[in-house]
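Peer 1: Input: one structure, supplied below.
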Amino acid sequence: MNVTLRGFMKKELIQTLRDPRMRIVMFAVPMLQLIVFGLALSNEVKNIRLVGQFAPSDVVGQRLVRNALASTWFIPGQEAGGAFESVRSGNAHVVLVPPPGGLTRSVARGDGRLQVLIDAGNAVRARSIEAYLQRIVAETMAQEAAVAPKPAVDFSLRVLFNPSMETSLYLVPGVMVMILTLLTIIVTSMAIAREREMGTLEMLISAPIRKWELLVGKTLPYVIIAMIDVPLILLAGWLLFGVPVAGSLIELFLASFVFICAAVAVGTVISTFARNQQQAMMGGMIFMMPAILLSGIMYPIESMPQAISWLSQLDPLRHFVTLLRNILLKGGDPLVVAKHLGALLGLAAVAIAVSARRFRNTLN
Amino acid sequence: MKGFVLTRAWSIARKEVRHVRRDPFTLTMALGLPVVMIVFFGYAIDFNVKNVRIAVVDQDRTPSSRALQNVFSSSDYFQTVPADGRDGIDLLDNENTKAALYIPPGFQTDLTRKGAASVQVVLDGADNQTTGVIASYLGGLQRAANDRLAVAVPVPVRLDTRFLFNSELNSRWFIVPGLSVVVIGILSILLTALTVAREWENGSMELLLSTPVRPLEIVVGKLFPYSVLGLFSLAFVYVAARLVFGVPFRGSHLLFAGTGLVFLTTVLAQGLLISVITRQQLLAMQLANISGMMPNLLLSGFIFPIESMPAFFQTLTMGLAPRWFMYIVRGVFLKGAGLFEMGVPIIALCAINVAIVALAVKKFKTDLEP
Amino acid sequence: MSGRALAVEVEGLTVSFGDFKAVDDISFSVRPGEIFGFLGANGAGKTTTIRVLCGVLVPARGRVLVAGHDFSDGGWRIKHQVGYMSQRFTLYNDLSVAENLAFTASLRKMSAEKTAARMTELFALIEFDRPLTTRVSDLPGGLKQELSLAAALLHEPSVVFLDEPTAGVSPASRRRFWDLIRRVSQKGVTVFVTTHYMDEAEECDRIALMRAGKIIALDSPAGLKTSAFPEKLIEIEAPAENVVEWRRALAASGAVEGIQPHGMRFHAVLKDPERFSAASKGARWREIRPSLEDVFVRLVEGDDR
Numbered sequence: 001m002n003v004t005l006r007g008f009m010k011k012e013l014i015q016t017l018r019d020p021r022m023r024i025v026m027f028a029v030p031m032l033q034l035i036v037f038g039l040a041l042s043n044e045v046k047n048i049r050l051v052g053q054f055a056p057s058d059v060v061g062q063r064l065v066r067n068a069l070a071s072t073w074f075i076p077g078q079e080a081g082g083a084f085e086s087v088r089s090g091n092a093h094v095v096l097v098p099p100p101g102g103l104t105r106s107v108a109r110g111d112g113r114l115q116v117l118i119d120a121g122n123a124v125r126a127r128s129i130e131a132y133l134q135r136i137v138a139e140t141m142a143q144e145a146a147v148a149p150k151p152a153v154d155f156s157l158r159v160l161f162n163p164s165m166e167t168s169l170y171l172v173p174g175v176m177v178m179i180l181t182l183l184t185i186i187v188t189s190m191a192i193a194r195e196r197e198m199g200t201l202e203m204l205i206s207a208p209i210r211k212w213e214l215l216v217g218k219t220l221p222y223v224i225i226a227m228i229d230v231p232l233i234l235l236a237g238w239l240l241f242g243v244p245v246a247g248s249l250i251e252l253f254l255a256s257f258v259f260i261c262a263a264v265a266v267g268t269v270i271s272t273f274a275r276n277q278q279q280a281m282m283g284g285m286i287f288m289m290p291a292i293l294l295s296g297i298m299y300p301i302e303s304m305p306q307a308i309s310w311l312s313q314l315d316p317l318r319h320f321v322t323l324l325r326n327i328l329l330k331g332g333d334p335l336v337v338a339k340h341l342g343a344l345l346g347l348a349a350v351a352i353a354v355s356a357r358r359f360r361n362t363l364n
Numbered sequence: 001m002k003g004f005v006l007t008r009a010w011s012i013a014r015k016e017v018r019h020v021r022r023d024p025f026t027l028t029m030a031l032g033l034p035v036v037m038i039v040f041f042g043y044a045i046d047f048n049v050k051n052v053r054i055a056v057v058d059q060d061r062t063p064s065s066r067a068l069q070n071v072f073s074s075s076d077y078f079q080t081v082p083a084d085g086r087d088g089i090d091l092l093d094n095e096n097t098k099a100a101l102y103i104p105p106g107f108q109t110d111l112t113r114k115g116a117a118s119v120q121v122v123l124d125g126a127d128n129q130t131t132g133v134i135a136s137y138l139g140g141l142q143r144a145a146n147d148r149l150a151v152a153v154p155v156p157v158r159l160d161t162r163f164l165f166n167s168e169l170n171s172r173w174f175i176v177p178g179l180s181v182v183v184i185g186i187l188s189i190l191l192t193a194l195t196v197a198r199e200w201e202n203g204s205m206e207l208l209l210s211t212p213v214r215p216l217e218i219v220v221g222k223l224f225p226y227s228v229l230g231l232f233s234l235a236f237v238y239v240a241a242r243l244v245f246g247v248p249f250r251g252s253h254l255l256f257a258g259t260g261l262v263f264l265t266t267v268l269a270q271g272l273l274i275s276v277i278t279r280q281q282l283l284a285m286q287l288a289n290i291s292g293m294m295p296n297l298l299l300s301g302f303i304f305p306i307e308s309m310p311a312f313f314q315t316l317t318m319g320l321a322p323r324w325f326m327y328i329v330r331g332v333f334l335k336g337a338g339l340f341e342m343g344v345p346i347i348a349l350c351a352i353n354v355a356i357v358a359l360a361v362k363k364f365k366t367d368l369e370p
Numbered sequence: 001m002s003g004r005a006l007a008v009e010v011e012g013l014t015v016s017f018g019d020f021k022a023v024d025d026i027s028f029s030v031r032p033g034e035i036f037g038f039l040g041a042n043g044a045g046k047t048t049t050i051r052v053l054c055g056v057l058v059p060a061r062g063r064v065l066v067a068g069h070d071f072s073d074g075g076w077r078i079k080h081q082v083g084y085m086s087q088r089f090t091l092y093n094d095l096s097v098a099e100n101l102a103f104t105a106s107l108r109k110m111s112a113e114k115t116a117a118r119m120t121e122l123f124a125l126i127e128f129d130r131p132l133t134t135r136v137s138d139l140p141g142g143l144k145q146e147l148s149l150a151a152a153l154l155h156e157p158s159v160v161f162l163d164e165p166t167a168g169v170s171p172a173s174r175r176r177f178w179d180l181i182r183r184v185s186q187k188g189v190t191v192f193v194t195t196h197y198m199d200e201a202e203e204c205d206r207i208a209l210m211r212a213g214k215i216i217a218l219d220s221p222a223g224l225k226t227s228a229f230p231e232k233l234i235e236i237e238a239p240a241e242n243v244v245e246w247r248r249a250l251a252a253s254g255a256v257e258g259i260q261p262h263g264m265r266f267h268a269v270l271k272d273p274e275r276f277s278a279a280s281k282g283a284r285w286r287e288i289r290p291s292l293e294d295v296f297v298r299l300v301e302g303d304d305r
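Residue numbers (the working numbering), protein chains in the order written: chain A, 1 to 364; chain B, 1 to 370; chain C, 1 to 305.
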């Protein structure tokens, strides 16, 4: 390899990894983050606090509450001064209010009604709560009647690729992407801004090295560090959460490499706008937060308005998340992989070109 | 702590203000970014999935099966895409089609002869978030299908559902307050995380150490201007939430502002603490991201509900200021919750505040002591 | 290029930052092996000039030749021939001596053998006796600067540019450093130094005095002194009392010119020896050789005063 490049990389790696705290941050913390977030995060709606205002003699009502609590979704809530107040104070997420005279009696009359108050502060949860309740009601009523009135048209549901709807299989790839992003974009932009802030950039420019030698020399070490983290994170994901690698490892590493290069290139572009490390970091944040929110890690891209969905095509994180999920969980559909890998390559190329143009080889 | 001199703290605050004023970039970021993000993402994020592409494999091809398809296509939620035979599952591999409907041959016959028929709905579970939402639509669609195709079976119990605080299930009312907490929380930590580390790196900290300034004065002096900045930012966000998204505000403004101030000082102090410990900007940034951005985004209850976490983690998040402030903000905006209902979160927030500020002062003390 | 070619040739150099002319149409040349000093106050344009000569800054106008090469190739060949010790940066503080020099060598694409040989030579030159694994941050200031000079010389440049190399360094270390510069110059390397220390300027073969972007004088120290003070320069001891009165009377008498306070005494140019004793009321005086400080004050500030 080019002597200058080798020397640069050595210096960069020494400076970055000499501090043991930095070593921990770059290698151990990603695993820790994966463990914590993989275990903690879940989309499933559960631990819903339920209160049923049924009199003890209201048999049907009591059975309803028992069934609900026996399911994995509901846990007992607390009444605190009336149905509305209970929900408002957060003591209950859902309150079941029987009609006057009790539920049992109204069912016997053939006019079964039940008022349900649901905390809709979280709109998605609210919807799921209602759906779950309907199922429980149907089950309870089926137990009551001798013959269960089966709906004429029945939807039998099958969920592919993730039959248990395990959140972690879906989320862990997303968390992996976030972790890799944190290791690349801001670190790279700050590293370059640091040379400018310390005045060492002037010295580097005065030496007969080409622009590309300087840029590659500064950024390659971070690509290497991130690439080392990739198998570590994948291993942790597999061991702890059973995240499979249904597709080919080569595709996986290729996708990771291209993404990391794109991320590092973006960091370099950001550094050309920054005069010091603080600005580099802020700039990195301006890019990263929208990038994470638009990437589909936290919520579906499909539900975004068209214009914004278009914008997300410019987000390398979005493409990498899709690639990871596809390769890990679905085995890597060639069309999907080609499309998103191509997009990543394009974004990387543009970022590299912009940073090469913007990076000034002189002080003016 | 002896001898807290206000004037010394004030001069540190003034110096910090001068730094910030000379850095218009940071200033615009601190004031502008939260508002921009909230407007942009409040608009972009919508959990109510619509127009999901569902591939329909109709092997029956009868008026009944077509009527069933119609139930799906006429709803806002689905967009039917006719497919044949085997293609259904393959279409699911394509990321655009999230669901498939299989109508077996004999559907109409079964319905008229036996009075019951079954169709299969296949969902792409790799995309967990959408899957859950789609599954929740199916209940209503099944009822509609039954209404359309068969004699309506009397439902023993009708649910009269009232969605409280957000009757239209406007997911933006849920997202916007949450997003503001997250954005302001993250930004605040980053603002202060670099300040002290930078002064260590460029040597001006040593200068400060040679003066008779006390740790508490430094902390207070540095926190003050950024707190003011943060309050302005919070105000802008409030205006955006109310005017642009029409999020109702049913609680007490005083409570909001007061807890906002406590929250701001807490996260700012956290950034300051990071700065003191690391003494190096690059490391400070990493630590700020690890202890600030990730938990703020993922563990505060912003998108992933705290109730859904395992008990261990639920307890863990009790040490996070954003978690409590998120709860307060949502309560104050949507539920009109007051001091009483918010008692626990307020106390928790204050406790965390005191703890972090005390830790920051203590760490500074060990640095300043000869 | 032949051996007698100039090390540095500058013609009509102008550097602007927006409307501000940091360097305003300056011309000078430096002979090979010279110790050439650039003297001036902060903001006079010294650092800007050096930056241009190192290829780090692009001039607005002017012709620049360093070691016989010009800027037509973007300064590429110049950078090969030139060593640079900038004002702000010396060496990476968090790296060891060996690591720093290894890095410098890699920037210059030097082979391992060459690097080792040069390092031995240079360590001997600067009499460096610490272990090579020492962190640069652990070195005293003077030693750091000498090491920086060694780093700038690693690739055997023919011209080396030093921008305020002794800033913030103890007087003893400054002495040592200038001995080093002289040794380096004796080996044939052209040394181009900026400084605002007058005593250092005395050590140079030739000095250029800069002010507000222009060169207001260029000559050897001796030459400058002679041209600035063609007449006798004397040092006068002021009387114990009524100094202001005395000075005014002396100035008005025309016996001397350009009275400048100098420490506790006054320097002045003796114009009329006969009238002097009377005008000075018999104050003690002696002839002195002008120092560069006198020259500087005369040329730069004398006009204003």
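A virtual CB, placed ideally from N, CA and C, is assigned to each residue, including glycine.
Contact criterion: CB-CB distance below 8 angstroms. Does residue 207 of chain A meet it with respect to chain C?
Peer 2: Your numbering for residue 207 of chain A matches position 207 in the first sequence. Answer yes: the Cβ-Cβ gap between residue 207 of chain A and chain C drops below 8 angstroms somewhere.
Peer 1: Inspect the beta-carbon positions of residue 146 of chain C and residue 87 of chain C and report whether they are closer than 8 angstroms.
Peer 2: Along the third sequence, one-based indexing puts residue 146 of chain C at 146. Along the third sequence, one-based indexing puts residue 87 of chain C at 87. Contact: no.
Peer 1: Looking at C-alpha atoms only, which residue of B/170, B/117, B/281 and B/319 is the closest neighbour of residue 354 of chain B?
Peer 2: Taking the first residue of the second sequence as 1, we reach residue 354 of chain B at position 354. Nearest C-alpha to residue 354 of chain B: B/319.
Peer 1: If we count the other Cβ atoms within 10 Å of its Cβ and call it buried at 16 or more, is residue 364 of chain B buried or exposed?
Peer 2: For the purposes of this step, residue 364 of chain B is identified with residue 364 of the second sequence, where counting begins at 1. Buried.
Peer 1: What residues of chain F sit near residue 354 of chain A, judged by a beta carbon separation below 8 angstroms?
Peer 2: In the displayed structure, chain F is absent; the protein chains listed are A, B and C.
Peer 1: Which residues in the same chain have their Cβ closer than 7 angstroms to the Cβ of residue 67 of chain B, if we skip the five residues on either side of it in sequence?
Peer 2: By 1-based counting over the second sequence, the position of residue 67 of chain B is 67. The answer, listed in chain order, is 148 and 149.
Peer 1: Just tell me which of B/144, B/270, B/118 and B/246 has its CA closest to the CA of residue 358 of chain B.
Peer 2: Start at 1 with the first residue of the second sequence, and residue 358 of chain B comes out as number 358. Checking every option, the nearest Cα to that of residue 358 of chain B belongs to B/270.
Peer 1: Given a threshold of 16 other Cβ atoms within 10 Å of its Cβ, counted over all protein chains shown, does residue 323 of chain A qualify as buried or as exposed?
Peer 2: Translated into the one-based positions of the first sequence, residue 323 of chain A becomes position 323. By the neighbour-count criterion, in which 16 or more other beta carbons inside 10 Å mark a residue as buried, residue 323 of chain A falls on the buried side.
Peer 1: For chain C, check one thing: does any of its Cβ atoms lie closer than 8 angstroms to the Cβ of residue 211 of chain A?
Peer 2: Residue numbering aside, residue 211 of chain A sits at position 211 when the first sequence is read from its first letter. Judged by the 8 angstroms Cβ criterion, residue 211 of chain A is not in contact with chain C.
Peer 1: Report back the beta-carbon spacing between residue 56 of chain C and residue 92 of chain C to the nearest angstrom; my notes put them in contact at under 8 angstroms.
Peer 2: By 1-based counting over the third sequence, the position of residue 56 of chain C is 56. By 1-based counting over the third sequence, the position of residue 92 of chain C is 92. In fact, because the Cβ distance is near 18 angstroms, the residues do not count as touching under 8 angstroms.
Peer 1: Apply the 10 Å Cβ neighbour rule to residue 297 of chain C and answer buried if 16 or more other Cβ atoms are within range, or exposed otherwise.
Peer 2: Residue mapping note: residue 297 of chain C aligns to position 297 of the third sequence, counting from 1. Around the beta carbon of residue 297 of chain C, a 10 Å sphere encloses 16 or more other beta carbons of the protein chains shown; the residue is thus reported as buried.
Peer 1: Can you say whether residue 9 of chain B is buried or exposed, counting buried as having 16 or more other CB atoms within 10 angstroms of its CB?
Peer 2: In the second sequence, residue 9 of chain B corresponds to position 9, counting from 1. Residue 9 of chain B is buried by the Cβ-count criterion.
Peer 1: Please tell me whether residue 272 of chain B has its Cβ less than 8 angstroms away from any Cβ of chain A.
Peer 2: As a first step, residue 272 of chain B is located in the second sequence; it is residue number 272 there, counting from the start. Judged by the 8 angstroms Cβ criterion, residue 272 of chain B is not in contact with chain A.
Peer 1: Which chain A residues are close to residue 160 of chain B, counting only those with a beta carbon under 8 angstroms from its beta carbon?
Peer 2: For the purposes of this step, residue 160 of chain B is identified with residue 160 of the second sequence, where counting begins at 1. What residue 160 of chain B touches in chain A: 113, 114, 115 and 116.
Peer 1: Starting from the beta carbon of residue 139 of chain C, find every residue of chain A whose beta carbon is closer than 8 angstroms, and list them in chain order.
Peer 2: Within the third sequence, residue 139 of chain C is the residue found at index 139, counting from 1. Those within 8 angstroms of residue 139 of chain C in chain A number zero; the least Cβ separation is about 17 angstroms.
Peer 1: So which residues of chain C does residue 313 of chain A contact, with C-beta pairs closer than 7 angstroms?
Peer 2: Locating residue 313 of chain A in the first sequence gives position 313, where the first residue counts as 1. Chain C residues near residue 313 of chain A: none, gap ~38 angstroms exceeds 7 angstroms.
Peer 1: Please state whether DSSP places residue 148 of chain C in a helix, a strand or coil.
Peer 2: Residue 148 of chain C sits at position 148 when you count from the first residue of the third sequence. If DSSP states are grouped into helix, strand and coil, residue 148 of chain C belongs with the helices.
Peer 1: Taking the straight line between their C-alpha atoms, what separation do you get for residue 160 of chain B and residue 96 of chain A?
Peer 2: By 1-based counting over the second sequence, the position of residue 160 of chain B is 160. By 1-based counting over the first sequence, the position of residue 96 of chain A is 96. Taking the straight line from one Cα to the other gives about 10 angstroms.
Peer 1: Since residue 194 of chain A and residue 277 of chain A are thought to touch, with beta carbons under 8 angstroms apart, how far apart are those beta carbons, to the nearest angstrom?
Peer 2: Mapped onto the first sequence, residue 194 of chain A falls at position 194. Mapped onto the first sequence, residue 277 of chain A falls at position 277. The Cβ separation is near 5 angstroms, so the contact holds.
Peer 1: Among the candidates B/25, B/6 and B/34, whose CA atom is the shortest distance from the CA of residue 230 of chain B?
Peer 2: Counting from 1 along the second sequence, the entry for residue 230 of chain B is found at position 230. Ranking B/25, B/6 and B/34 by Cα distance to residue 230 of chain B puts B/34 first.
Peer 1: Residue 290 of chain A touches chain B at which residues, Cβ-Cβ below 8 angstroms?
Peer 2: For the purposes of this step, residue 290 of chain A is taken as the residue at position 290 of the first sequence. What residue 290 of chain A touches in chain B: 37, 40 and 41.
Peer 1: Three or more beta-carbon pairs under 8 angstroms between the stretch 205 to 215 of chain B and the stretch 306 to 326 of chain A, yes or no?
Peer 2: no
Peer 1: CB residue 193 of chain C to CB residue 78 of chain C, shorter than 8 angstroms?
Peer 2: Residue 193 of chain C sits at position 193 when you count from the first residue of the third sequence. Residue 78 of chain C sits at position 78 when you count from the first residue of the third sequence. No, Cβ-Cβ distance for residue 193 of chain C and residue 78 of chain C is not below 8 angstroms.
Peer 1: Taking only three categories from DSSP, how would you classify residue 205 of chain A?
Peer 2: Position 205 of the first sequence, counted from the first residue, corresponds to residue 205 of chain A. Of the three classes helix, strand and coil, the one that applies to residue 205 of chain A here is helix, per DSSP.
Peer 1: Looking only at its chain, what residues have a beta carbon closer than 7 angstroms to the beta carbon of residue 270 of chain C, apart from the 5 residues adjacent to it on each side?
Peer 2: Here residue 270 of chain C refers to the residue found at position 270 when the third sequence is read from its first residue. Closer than 7 angstroms at the Cβ level, and outside the excluded window around residue 270 of chain C, lie 231, 232, 234, 256 and 276.
Peer 1: When burial is assigned at 16 or more other CB atoms within 10 Å of the CB, is residue 312 of chain B buried or exposed?
Peer 2: Here the question's residue 312 of chain B lines up with position 312 in the second sequence. The residue in question, residue 312 of chain B, is exposed, as its Cβ has fewer than 16 Cβ neighbours within 10 Å.
Peer 1: Can you list the residues of chain A that residue 94 of chain C reaches, using a CB-CB cut of under 9 angstroms?
Peer 2: Your numbering for residue 94 of chain C matches position 94 in the third sequence. Within chain A, the residues near residue 94 of chain C are 14, 15, 18 and 19.
Peer 1: Write down the C-beta distance between residue 73 of chain C and residue 64 of chain C rounded to the nearest angstrom, noting that I regard them as a contact closer than 8 angstroms.
Peer 2: If you number the third sequence from 1, residue 73 of chain C lands on position 73. If you number the third sequence from 1, residue 64 of chain C lands on position 64. Actually they do not touch by this definition, with Cβ atoms about 13 angstroms apart.
Peer 1: Shorter than 8 angstroms from the beta carbon of residue 313 of chain B to some beta carbon of chain A?
Peer 2: Taking the second sequence and counting its residues from 1, the one referred to as residue 313 of chain B is at position 313. Chain A, which has a Cβ nearer than 8 angstroms to the Cβ of residue 313 of chain B, makes this yes.
Peer 1: Which whole-angstrom value is the C-beta distance of residue 251 of chain C and residue 295 of chain C, which I expect to be below 8 angstroms?
Peer 2: Along the third sequence, one-based indexing puts residue 251 of chain C at 251. Along the third sequence, one-based indexing puts residue 295 of chain C at 295. Not confirmed; about 21 angstroms, so no contact.
Peer 1: With a cut-off of 8 angstroms on the beta carbons, I'd call residue 121 of chain A and residue 25 of chain B a contact; round off their distance for me.
Peer 2: Here residue 121 of chain A corresponds to residue number 121 of the first sequence, with the count starting at 1. Here residue 25 of chain B corresponds to residue number 25 of the second sequence, with the count starting at 1. Incorrect: roughly 36 angstroms between the Cβ atoms, too far for contact.
Peer 1: In angstroms, rounded to a whole number, what distance separates the CA positions of residue 262 of chain A and residue 344 of chain A?
Peer 2: As a position in the first sequence, residue 262 of chain A is number 262, starting the count at 1. As a position in the first sequence, residue 344 of chain A is number 344, starting the count at 1. Straight-line Cα distance between these residues: approximately 7 angstroms.
Peer 1: Which same chain residues, not among the five before or five after residue 303 of chain C, have their C-beta less than 7 angstroms away from its C-beta?
Peer 2: Walking along the third sequence from the start, residue 303 of chain C turns up at place 303. In this predicted model, residue 303 of chain C has a pLDDT of only 49, less than 50, meaning its place in the structure is not dependable enough to derive any value.
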